[in-house]
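Participant: Input: one structure, supplied below.
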Amino acid sequence: MPTPRDLDPACEDPADVAGRLGVDPETGLAAADVDERLRSHGANELRPARRVPVWRRVLAQLADPLILLLLAAVVVSVVAWIVEGAHGWPIDALVILAIIALNAVLGLVQESRAERAVAALAVMTRAHSTVLRDGGLRTVPSDELVPGDVLALAEGDRVGADARLVRANALRVAEASLTGESEAVEKDPATLEHRVPLGDRRDMVFAGTAVSRGTGRAIVTGTGMATEMGTIATMLDETIEEPTPLQVEVDHLGRMLGRIVVGIAIVVMLTVTIVQGVDTAEDFVTVLLLGVSLAVAAVPEGLPAIMSLVLALGVQRMARRNAVVKQLSSVETLGSASVICTDKTGTLTTNEMTIQRVVTASGTVDLGGVGYAPVGDATATGRELAEGPLLSEARLVLGAGSLVNDAQLAQHDGRWEIEGDPTEAAFLVAARKVAGAAEEAAQYGRVGEVPFSSERKMMSTAHRREGGDLVVLSKGAPDVLLQHCTRVQVGDGVVPLDPVRRARALAEVETLSEEAFRTLAVAYRPAPELAGGDGRPDAAGFDEDAEEDLVYAGVVGIIDPPRPEVRSAIADAHAAGIRVVMITGDHPATAARIARDLGIIGEDGIALPGARLDGMTDRQLRDAVRTVSVFARVAPEHKLRIVDALQAEGLVVAMTGDGVNDAPALKSADIGIAMGITGTEVTKEAAKMVLADDDFATIVHAVREGRVIFDNIRKFLRYLLYSNMGEVLTVFLGVVFAGVLGFAGASDEAVVLPLLATQILWINLVTDSGPALAMGVDPEVDDVMARPPRGLHDRAIDLGMWIGIATTGIVIAIATLITMDAFLPGGLIPGGADTFEVARTAGFTTLVFAGLFTAFNARSATSSAFRSVFANRWLWGAVALAVLLQVAVVSWAPLQVAFGTASLDAAHWAVCVAMASSVLWVEELRKLGIRLAGRRRADSASPRVRAA
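Under our numbering, residue 971 is the last one in the sequence shown; the count climbs by one each step, no gaps.
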């Protein structure tokens, strides 16, 4: 027997569905059948998300290649400590382990929220449902629904399961969170002839949606994971989360540094062995320690922790701009985004149906304002609407429309909210924008109703003003309502609706429809003949027959309008080289209209419907996404395919959305962005970033922040590697040229080291870390939004940076070794008379100060260090603190013992500062050369451009 998922109940007759599921729609299931089906199909709930245990999350933090590199350094340090005799504590290893632990804690604290997307889906769908069982209505928990249950639907109900409609009375269901449809969908039990997209299945209701109006009966066809909501849950559960560009870059950096570290250690140890020889176990231990020292020097031990702290600070800055980032590595990702895929409803638009146009016999009225706040001007041809025929007609249309209406509008905590159908609520809002419309309507009381039905496509109400006659008010589809009209309102009078006026009214409706407005017409007629003895219409007399000989008042254009700030935000995104792609479940015409209004596509741009995507191969879809910027009437699986196709093109994709249908694509994108106010809990859990204010413009601010963060990451990488390269070359060249520089004669060590391992750790973890952190909050130097996003394969450390690292490292090493030589006898520079400990301390101090000068160099690859030199007060504070710490480690006895330093006099300090500053001047000259070369290239290109 086929299961409900094997068949499409939307294409089956209700009687066939009932027969297949063994239920009588008039009596429902028997209690015994319910129990049996509950055992067979299971509870109507979604599978809970797989929880990631804490130990696996900790391991994930330690799986970073940089962390693995540090762990390898710990192992080597411990081995060397044991070989030396295990005296004291293995300080190197313990300090590095502390750094690793700090980094893991930072990551876990920020990313401690485990994924609960499917669990949030379950919470969203947990409710109670009214069902027909054993011939009577009863309310049961929705998780006890089974296939074959008969749902009794009424306004305000949340649909508990997927179900096939048996009958419907003016039934409208809000499906925006599932399909992206901006307005409530009118339901009709008539059987569909063929399979259609989810948003067009008018004879079905779906779990997790809500009844906004009317009543109906439906047979449950799918529960739990067999619902459309379950399909999304499965997609969400199976969607593979891609690593962020920053994670990819850090992985690459870790592997690269690992190879460099191993290479340096091997080359140096082989060089020492060849030059000086290794004859004893003690010599072997010394060479091994040298290798460890170089490994320590090459690896920026503080890099993982500094990066985590800088990203955490970026998270805080973004949070102050209403962008809440859930994962540290995602902070920078948005800055790398080359495409922003965005949902329409609730993201680009307000998700609040708004009347923007009123068309009557005397002209057109434009209404300002968006959403449910009754604020906005009424204008005609650009001028404020003045007293006259047009104002009188607009007042009649909106006043009557707000009476033939079941919605409510109220203000709660400063926010305007509605109850009922959003389209009807739009009349209540619009009536308050036109002078006198709402006040006039308030004088009438409803005394009768002919309800809306999908067959009639209109509704009517009878109203009476105190002391006045009855009036019939009607509202409905314009083409239908016009068939019931014989006259038309012109100013304060009524004239016959002749063929010319009728054709004109239909043409105006067509124009509104072409502009993607939803249209509703309003008509009325005095009906004194309907009044009974009590002033109310006769119960038998007020029926569909009363809806004849109506006076046509006019038609309104309704749309879910764009958010006011979005157009400029999209323009900013385009200026930054970022493409914006709309992916929506709404109608193609509506999607294209909104996209044109916002500047996503040009006037001749079109929307590609989801039905076309079904017939496309992955290759064809990749071709399509290169040029198409609007996709409409798409299902959740389409959104996922579009995101995957863009990523296959080498693009970094940011995906925004608020509905359940957006969640799988949000998870698959490089960075998913959920709406914090209108977004579902499912979407928020699947996303990596949440917009607290639902403002698309916040995304552009976050892009800027992400780009600044990546620039700052490059700054502190440049700084740390400049300094570390100086350390490595100092040790390497100091060992190789120990005899030439006078080191060998001044020390009785078998292998003379210009720096101790503890001194290298001091530089990396104490004096370097402060300036590196300060550069993580460096202000924006250039306009980061004036350049295109970085390419997917652009490296954080490119060839230009490697050249700078090598150049600076050589200068630092030469300055350090010359300083040591100057204070020692027997080297290249005569006149020195200090001990090797003093000379090594002077070299150590020169290296530290050279690193501090380098901090100012590293703020830009091309700009002078003196440009905006005082802009970053944190950097100056970090440099001042590093100087004080260096003075302490050189001058304070306890630290002298721990770090092998000796006191320096004023002359020593002056030489150290002067020699260290050489790195600043050499780098300034190098940058000047780069800038001059760039200007020459620009000047030589200018004549060619003018000639062309």
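Ideal Cβ placement from N, Cα and C applies to all residues, glycine included.
CB Leu61 to CB Asp172, shorter than 8 Å?
Facilitator: Not in contact: Leu61 and Asp172 (Cβ atoms no closer than 8 Å).
Participant: Quick check on Leu955: does DSSP put it in helix, strand or coil?
Facilitator: Three-state DSSP puts Leu955 in a helix.
Participant: What number of angstroms, rounded off, separates the C-alpha of Lys498 from the C-alpha of Arg649?
Facilitator: Taking the straight line joining both Cα atoms gives about 44 Å.
Participant: Measure the CB-CB distance between Val189 and Arg240 and report whether it falls below 8 Å.
Facilitator: It is a contact, given that the beta carbons lie within the stated cut-off.
Participant: With three or more C-beta pairs closer than 8 Å as the rule, is the region 662-674 touching the region 371-381?
Facilitator: These segments do not touch.
Participant: Under the three-state reduction of DSSP, which class applies to Leu168: helix, strand or coil?
Facilitator: Correct three-state label for Leu168: coil.
Participant: For Leu390, which three-state DSSP category applies?
Facilitator: The answer is strand: DSSP assigns Leu390 an E or B state.
Participant: How should His610 be labelled, buried or exposed, when 16 other C-beta atoms within 10 angstroms of its C-beta is the threshold for buried?
Facilitator: Answer is buried; the Cβ neighbour count reaches 16.
Participant: With a threshold of 8 Å, are at least 3 pairs of Cβ atoms found where one atom belongs to the region 634-647 and the other to the region 616-625?
Facilitator: The region 634-647 is not in contact with the region 616-625.
Participant: Taking the alpha-carbon positions, what's the Ala528 to Ala384 distance?
Facilitator: One C-alpha to the other measures close to 8 Å.
Participant: Let me check you understand the geometry: is the CB of Val912 closer than 7 Å to at least one non-hydrogen atom of the ligand ATP?
Facilitator: Because no ligand of any kind appears in the structure shown, any question about the ligand ATP cannot be addressed here.
Participant: If you compare alpha carbons, which of Ile629, Pro659, Pro37 is closest to Val651?
Facilitator: For the residues Ile629, Pro659, Pro37, the minimum Cα distance to Val651 belongs to Ile629.
Participant: What residue range does the alpha helix (DSSP H) around Trp439 cover?
Facilitator: Premise fails: Trp439 lies in the beta strand (DSSP E), 438-442, not in any alpha helix (DSSP H).
Participant: Going by the CB atoms, is the gap between Leu927 and Thr864 shorter than 8 Å?
Facilitator: In contact: Thr864 and Leu927 (Cβ atoms closer than 8 Å).
Participant: What do you reckon, are the CB atoms on Ala655 and Thr607 nearer than 8 Å?
Facilitator: Yes, the pair counts as a contact, with Cβ atoms nearer than the cut-off.
Participant: Tell me which residues share the same chain as Glu272 and place their Cβ nearer than 8 Å to its Cβ, disregarding the 5 neighbours each side in the sequence.
Facilitator: Arg818, Ala819.
Participant: Residues bridged to Gly243 by DSSP?
Facilitator: In the sequence on display, residue 243 carries Val and not Gly. Partner(s): Ala186.
Participant: Considering only DSSP beta bridges, list what Gln643 is partnered with.
Facilitator: Note: Gln643 sits in no beta bridge, so no partner.
Participant: Please tell me whether Asn67 and Thr214 are closer than 8 Å, where the distance is taken between their beta carbons.
Facilitator: No, the Cβ-Cβ distance between Asn67 and Thr214 is not below 8 Å.
Participant: Can you have a look at Ser914 and say buried or exposed, based on whether 16 or more other CB atoms are within 10 angstroms of its CB?
Facilitator: It counts as exposed.
Participant: Which stretch, first to last residue, makes up the alpha helix (DSSP H) that contains His724?
Facilitator: Segment 719-759, the alpha helix (DSSP H) holding His724.
Participant: Is the number of C-beta pairs between the region 718-733 and the region 794-811 that are closer than 8 Å three or more?
Facilitator: With the cut-off at 8 Å, the region 718-733 and the region 794-811 touch.
Participant: For Glu35, which residues of its own chain have a beta-carbon under 8 Å away from its beta-carbon, when the five flanking residues on both sides are left out?
Facilitator: So the list reads Arg43, Arg187, Thr214, once near-sequence residues are dropped.
Participant: Given a threshold of 16 other Cβ atoms within 10 Å of its Cβ, counted over all protein chains shown, does Ser746 qualify as buried or as exposed?
Facilitator: That one is buried.
Participant: Using the three-state DSSP reduction, which class does Ile852 fall into: helix, strand or coil?
Facilitator: The answer is coil: DSSP assigns Ile852 none of H, G, I, E or B.
Participant: At which residues does the alpha helix (DSSP H) containing Phe872 begin and terminate?
Facilitator: First-last of the alpha helix (DSSP H) with Phe872: 859-880.
Participant: Which class does Arg818 belong to by DSSP, given the choice of helix, strand or coil?
Facilitator: Note: Arg818 maps to coil in three-state DSSP.
Participant: Have a look at Ala41 and Pro584 and give me their C-alpha separation to the nearest angstrom.
Facilitator: Using only the alpha carbons, I get a separation of about 41 Å.
Participant: Helix, strand or coil for Arg649, going by three-state DSSP, please let me know.
Facilitator: Residue state, collapsed to three classes: coil.
Participant: Measuring alpha carbon to alpha carbon, tell me which of Arg438, Val470, Asp429, Val98 ends up nearest Leu451.
Facilitator: Checked all of Arg438, Val470, Asp429, Val98; the closest Cα to Leu451 is Asp429.
Participant: Which word fits Ser353, buried or exposed, when buried means at least 16 other C-beta atoms lie within 10 angstroms of its C-beta?
Facilitator: With 16 or more other Cβ atoms within 10 Å, it is buried.
Participant: Return the chain-ordered list of same chain residues with a C-beta closer than 6 Å to the C-beta of Val348, the five sequence neighbours on each side being excluded.
Facilitator: Taken in chain order, the residues that qualify are Val338, Met341, Val354, Met712.
Participant: Leaving out five residues on either side along the sequence, give the residues of the same chain with a beta carbon under 8 Å from the beta carbon of Asp962.
Facilitator: Same-chain partners within the cutoff: there are none.
Participant: Quick check on DSSP: helix, strand or coil for Glu407?
Facilitator: Glu407 falls in the strand class under three-state DSSP.
Participant: Relative to the C-alpha of Ile700, which residue among Ala599, Arg455, Asp716, Gly762 is closest?
Facilitator: Ranking Ala599, Arg455, Asp716, Gly762 by Cα distance to Ile700 puts Asp716 first.
Participant: When the Cα of Ala725 is compared with those of Val910, Glu552, Gly695, which residue comes out closest?
Facilitator: The candidate whose alpha carbon is nearest that of Ala725 is Gly695.
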